[in-house]
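The block underneath contains the structure these notes are about, expressed in structure tokens.
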Amino acid sequence: MSGHVSPKSLYYSIFGALMVLTAITVFAAYVNLGNLNAPVALAIATFKATLVVLFFMHVKYSSRLTKLVVATSLFFLVILLGEMMMDYASRGMGVVLPALQ
Amino acid sequence: MLDTLKLPERHYLNNGHGLKSWLLTKDHKRIAIMYLISISAMFLLGGLFAAAVRVELMTPEGDLFLADNYNKMFTMHGVVMVFFFLIPSTPAVLGNFLIPPMIGAKDLAFPRINLLSLYIFWVGAAFFFYALFAGGVDTGWTFYTPFSSFASNTNVVPTALGAFISGFSSILTGLNFIVTIHRMRAPGLTWFRLPLFVWAHYATSLIQVLGTPVVAITIIMVFVERAFGFGIFDPTRGGDPVLFQHLFWFYSHPAVYIMILPAMGVISEVVSTFSRKTIFGYSFVAFSSLAIAVFGFIVWAHHMFVAGISTYSAMVFSFLSFSVAIPSAVKTFNWAATLYKGAISFETPMLYAYGFFGLFLIGGLTGLFLATLGVDVHVHDTYFVVAHFHYIMVGGAIMGYLGGLHFWWPKLVGRMYSEFLSRISAILVFVGFNLTFFPQFILGYMGMPRRYHAYPDEFQVLNIMSSAGAGVLGIGYLLPVIYFLWSLKYGEVAGPNPWGASGLEWQIPSPPPTENFKEQPVVHGEPYEYTPHVAREANLV
Amino acid sequence: MGSFGIPLFPEQASTFARDIDALYLFILAVSAFFALAVSVAVVVFGIVYRRRHAGEVGARIEGNLPLELLWSIIPTMISMVMFGWGASSYFHMRTPPAEALQIYAVGKQWMWKFQHLEGQREINELHVPVNRPVKVTITSEDVLHSLFFPSFRTKMDAIPGRYTQLWFEATKVGEYHIFCTEYCGTNHSGMIGKVVVMEPSEYQAWLAGGGVEGTLVERGGRLFQDLACNTCHLDTGKGRGPSLNDIVGKTVELADGTTTVVDEGYLRESIINSQAKIVRGYQPLMPAFQGLVSEDNLVALVEYVKSLSPTATTAAPAAATPPAAPAAASTNPPGAGEKN
Amino acid sequence: MSNAVAHAEAHGHAEHHTALQHHFETMQQQKEASTLGMWVFLLTEVLFFGGLFMAYLLYRTWYFEAFAEASRTIAIAPGAINTAVLIGSSLTMALGVRAAQTNQRTATVRWLIATIFLGLVFLGVKVYEYADKFEHHHVPGANFISESPWAAQEQIFFSLYFTMTGLHALHMIVGVAIMSVITWMAAKGRFDEHYYTPVEMAGLYWHFVDLVWIYLFPLLYLVERHN
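If you want it as structure tokens, here you go:
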């Protein structure tokens, strides 16, 4: 009846990984990667987040419906961020269809 | 032969008396009744504000109210109607009452959270009433910054917090429905045997759960801006008022689908029952509800075509906005096809369904004008838009809600209402509505802007027609209060299935016992089974 | 055009009006057809298949796939036609022709202030020549407003902190409404006015009256001296600020490596929020004039700087982009993720 | 959809657990319902914070220098310590849930108290950081003082900083409150290997709050640290 019980060792290794990744994030911030600084920081954060979601929150062993709920929330977050940035990014761009003039 | 039917001795209404048994109830049916009373009161209040607006607009000079007071009238009309009546109407009353019996469950998944949702709704309404008695608010129900964040000196914060709190009531109802529909269906009740009313509420709950948090955080940003002087949308510090509009409409467009989808669910049930025929294209109607819920989230910037968004993104949003129109069209065609070769009778719920057809058709089709870029530039923020969304919200959502109320009233209280008076009210509402809002399309294309309390003289004739129509509409809405209250004591006993309908909720006594089903029902057949033995002549008039 | 005394359309007084009214009638026709078709069907079915005897039950019809596809695809195609026509007219409305007459509009709580290049300043009234494209650059001093010419079928919001623009070409002499259509407070319904379309000769006579303080460019020049801009912005470019000669319409290299096109929005932003886009090779020394220069004077300064670039047309087609986004708009390469 | 009735026979003795509510058929159905409900709630939280991240994304693209300048004025050490503290509290939370699953009451209580303690440490560091901001007049509004040329846009950064970390801290406070109630129930022995749902739900909420901080830390503290 009880859900999936993960071994203690798994939790400690995930904890270790998260601490190391935090250190890497801080270290990476001090290295000048030009345009890549932000994507790198976000990539590390997303990787840490995935670790927490899959192992600490047991989504790896959960039902398909739980995975669907997680995917839905990310999908609509991407819609929110993506469509708005589509507007702001294309502001200075004039119009894509000059041919219609 | 009708008097052989007697009310069941024990049912959810007389199972426990006194205020405590109601205020601490965990029974979804009692919570639905309390929601019915609360939102009817708010509908009456909103209607009074609307009456004030219509009386003011009879004269071009706008001499009844000062400009400030008129601005407060239309703002509070908007806030009360949107946040405190339309969003909760069909889901919180009919959805709360009917989803458990329709899927064969004893109650919703989280009864305590359901009661909490009602209390949160009351707290939100209390915040609004505080703002009302402290002098009202004049920002429009849209709270656009920078006017709402630093230029308005009325009670913006209490009203915004009222809307913020009532948003959580909507989230909790949505969450409750999603878990109930997923986890508590009776054995044998697969997704494709669910009544379309349940499908529509599942899609509505998705929107409630996905959209409401974004407007909640937007209201928090306006709150911190006003209360602490932060500068998120403040143009003098580099903030962007258009960002507020993006975040606001990300919720507020799907919110109009929260209002119309439950009404569509009601119409599917009513049309099928009163033409004694299974719904035409069941899976298409069901998936149309989901399609409306999902597409509703990608189209919001058609509210902002002239707000300074980039030309390129305006074109993308205009293209996507047409994708939302298609599922609504498919649903309407399927309802019409359901009537073909049916055995149609015109009791009041069916009259409201016909009224819904007439008004929702016009409302939906005028949406095409607003999705088309060229026309929208001209008619944006004019009375054309006011007429469009009233045709959808009042013509669609309220006709659906009233139709549902008339259809399931016997199940709610176990007694019938006066058929003659209710038909009169259905016709009055339809006629009054058209007389009120159709002239506004013409006013809109003539260029009369929204939220004007004084207007040039050439618009006066149409405005007087509109105000006259509002009077008729008001009477049409007051009639049901009379005969519904009258039916509580003197209505003839309805029995479990007065309309010969085919849902699980019609197989339990009316009013139903607290635990809905004596033993767990098992579902075998298809949802809309109208074999002759189901159409019980005894009850059909 | 009216029917039994109630007007149904506003005057068709601009080149857009005919096209937009035609599009409106097309959609009206399509909507009327579908509305009537379904209403008639619903009523006829209601009568023909009304219940004859009590126990009657409808026919067992589950659905019909071809029919479903039919009434999904046809509405989709029709709406694509509406989209295409609407988009092309929208695009036409949002790209002003190069030789348009430039007018500045400043929305302020409950009045419209218009400024002509020749120096005239009008409140709630706008005189324009007939049959000549007019480009109105709009901004607001306080809250959101929206400049609406119903007879010209065009509208654009006035947003504090940035320039937006609309254009029209009046085709009929006469007086038409100006409305504010974005709710802006107490006297929102009083923020209305008249646009007076005049014959070119009459317009020149009206212009001859001339602004009392001279043309916009002259007023801008005086402000340029008074605010001591010339102490840093020397013609040679050797001063603390870059030279302002002949820069409008050109792309300029910024300190953070990106480039931007010099247009009205960039000029306004560089005065109001001077640190936003510093030209390469110069220090961020220029104070921000936010709150020190009113919108009306800002417009004069921008016109003055534009007058220093005789070669550039005010809005070359290629650079006919709507003015850069708000006060400190990002013109970095577009992209969804953060950039640097 | 598994037929809920048949499934119950397989767990005869678990049928009438004291914690089974009247409207559920089996404990399994009740647990699945609670889990789905919690995840849908977390979905609303994702979109709730999503609105703030949208504002952050836009203003960072527009005013990158102001964000970099303002972010440099915030000390990294407290932020980094807080991140470590929160990841630690996620570990203790996960171990607490595991202890509840395996019916070790004292271990559950011990781990939950550790989680509450780490949560309070996090809030303490937050109070220290906010006090530091008040000192430096970095709170946006009337008395905001900054000599940098981007003073106005820095106010937007700090507005977002206070709104995001303030909302996150509020969620921490609510989390600590819920955790205390759960710990008290665990101490009373209300949970066993058949019914530990409240502990698991509190765990999901806590991990989510940690998740939000995992994103807040780089976005607010490390905008541009290299010279």
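Protein chains in written order, with my numbering: chain A, 6 to 106; chain B, 149 to 689; chain C, 273 to 612; chain D, 40 to 266.
Every residue gets a Cβ at the ideal spot worked out from N, C-alpha and C, and that includes glycine.
Close beta carbons around residue i, own chain, < 8 Å, minus the five adjacent residues each side
i                 : result
Phe381 of chain B : Thr293, Pro294, Ser297, Met369, Val370, Glu373, Gly387, Asp388, Pro389, Leu391, Phe392
Ile155 of chain D : Val215, Met218, Ser219, Thr222
Rounded straight-line distance, which links the Cα of residue j to that of residue i
i                 : j                 : result
Ser169 of chain B : Leu234 of chain B : 28 Å
Glu64 of chain D  : Met77 of chain D  : 20 Å
Ala591 of chain C : Val31 of chain A  : Any answer about Ala591 of chain C is weak, because its pLDDT of 30 lies below 50 and its placement is not dependable; what the coordinates show is given next. Cα to Cα, the separation comes out at about 42 Å.
Asp211 of chain B : Gln381 of chain C : 21 Å
Ser420 of chain B : Ser658 of chain B : 21 Å
Val124 of chain D : Gly228 of chain D : 28 Å
Ser416 of chain B : Asp524 of chain B : 32 Å
Arg494 of chain C : Gly511 of chain C : 20 Å
Leu259 of chain D : Val561 of chain B : 57 Å
Trp448 of chain B : Pro402 of chain B : 8 Å
Leu255 of chain D : Phe632 of chain B : 54 Å
Gly330 of chain C : Phe481 of chain B : 18 Å
His9 of chain A   : Ser128 of chain D : 21 Å
First and last residue of the uninterrupted beta strand (DSSP E) at residue i
i                 : result
Tyr448 of chain C : 446-452
Ile268 of chain B : Taken as a continuous stretch (DSSP letters only), Ile268 of chain B belongs to no beta strand (DSSP E), being part of the alpha helix (DSSP H) at 259-281.
Ile410 of chain C : 405-412
Val400 of chain C : 397-401
Met383 of chain C : 383-388
Glu525 of chain C : 523-525
Glu71 of chain D  : Looking at the DSSP string, Glu71 of chain D is not in any beta strand (DSSP E); the run it does join, the alpha helix (DSSP H), is 66-101.
6 Å Cβ shell around residue i - same chain, five flanking residues per side excluded
i                 : result
Gly310 of chain B : Gly272, Phe275, Phe276
Pro369 of chain C : Pro405
Thr496 of chain B : His554, Ser570, Arg571, Ala574
Pro675 of chain B : Arg341, Pro343
Leu501 of chain B : The displayed chain sequence assigns Ala, not Leu, to residue 501 of chain B. Closer than 6 Å at the Cβ level, and outside the excluded window around Ala501 of chain B, lie Ile415, Val418, Val419, Gly551.
Phe258 of chain B : Asn324
Where the alpha helix (DSSP H) containing residue i begins and where it ends
i                 : result
Gln608 of chain B : 608-638
His176 of chain B : 176-204
Phe245 of chain B : 244-250
Ile474 of chain B : 459-487
Phe317 of chain C : 287-320
Thr514 of chain B : 496-519
Phe197 of chain D : 190-226
Sequence-distant residues of its chain with Cβ nearer than 7 Å to residue i (five each side left out)
i                 : result
Lys715 of chain B : This structure cannot speak to residue 715 of chain B, because chain B is shown only from 149 to 689.
Gly408 of chain B : Per the sequence shown, residue 408 of chain B should be read as Ile rather than Gly. Ile540, Gly544, Ala545, listed in sequence order.
Glu104 of chain D : Trp189
Ile519 of chain C : Val534, Ser581
Ala375 of chain B : Val305
Leu626 of chain B : none
request  = May I ask you to list, following chain order, the residues of the stretch 89-109 of chain D that have a beta carbon less than 9 Å from some beta carbon of chain A?
outcome  = Gly89, Gly90, Phe92, Met93, Leu96, Leu97, Arg99, Thr100, Trp101
ask   = Counting Cβ pairs closer than 8 Å, one from the stretch 459-466 of chain C and one from the stretch 601-621 of chain B, do we hit at least three?
value = yes
ask   = Does the stretch 565-572 of chain B come close enough to the stretch 506-513 of chain B that 3 or more CB-CB pairs lie under 8 Å?
value = no
message = Three Cβ pairs or more, each shorter than 8 Å: is that satisfied between the stretch 571-580 of chain C and the stretch 536-549 of chain C?
response = yes
ask   = If you measure beta-carbon to beta-carbon, which residues of the stretch 414-448 of chain B are closer than 7 Å to chain C?
value = From the stretch 414-448 of chain B, only Ser423, Arg424, Lys425, Thr426, Phe428, Gly429, Tyr430, Phe432 have a Cβ closer than 7 Å to chain C.
Chain B contacts made by the stretch 423-447 of chain C, where a contact means CB separation under 7 Å = Here the close residues are Arg425, Thr426, Lys427, Met428, Asp429, Ile431, Pro432, Gly433, Thr436.
task = Please name the residues in the stretch 324-354 of chain C whose beta-carbon is closer than 8 Å to at least one beta-carbon of chain B, in chain order.
result = Arg324, Ala326, Gly327, Glu328, Val329, Gly330, Ala331, Arg332, Ile333, Glu334, Gly335, Asn336, Leu339, Glu340, Trp343, Ser344, Pro347, Thr348, Ser351, Met352, Met354
request  = Anything in the stretch 383-397 of chain B with a Cβ closer than 9 Å to a Cβ of chain A? List those residues in chain order, please.
outcome  = Asp388, Val390, Leu391, His394, Leu395
ask   = Using 8 Å as the threshold, is the stretch 194-209 of chain B in touch with the stretch 591-598 of chain B, meaning 3 or more CB pairs across them?
value = no
request  = Check each residue of the stretch 58-90 of chain A: if its Cβ is closer than 7 Å to any Cβ of chain B, include it; give the result in chain order.
outcome  = Leu70, Phe81, Ile84, Leu85, Glu88, Met89
task = Select from the stretch 359-371 of chain B all residues with a C-beta closer than 8 Å to any C-beta belonging to chain A, and list them in chain order.
result = Val362
ask   = Which residues, in order along the stretch 242-255 of chain D, keep a beta-carbon less than 7 Å from a beta-carbon of chain A?
value = Leu243, His246, Asp249, Leu250, Ile253, Tyr254
request  = Scan the stretch 179-199 of chain D for residues whose Cβ lies nearer than 9 Å to a Cβ of chain C and list them as they occur along the chain.
outcome  = Ser187, Pro188, Trp189, Ala190, Ala191, Gln192
request  = Select from the stretch 194-226 of chain B all residues with a C-beta closer than 8 Å to any C-beta belonging to chain C, and list them in chain order.
outcome  = Gly210, Ala215, Asp216, Asn219
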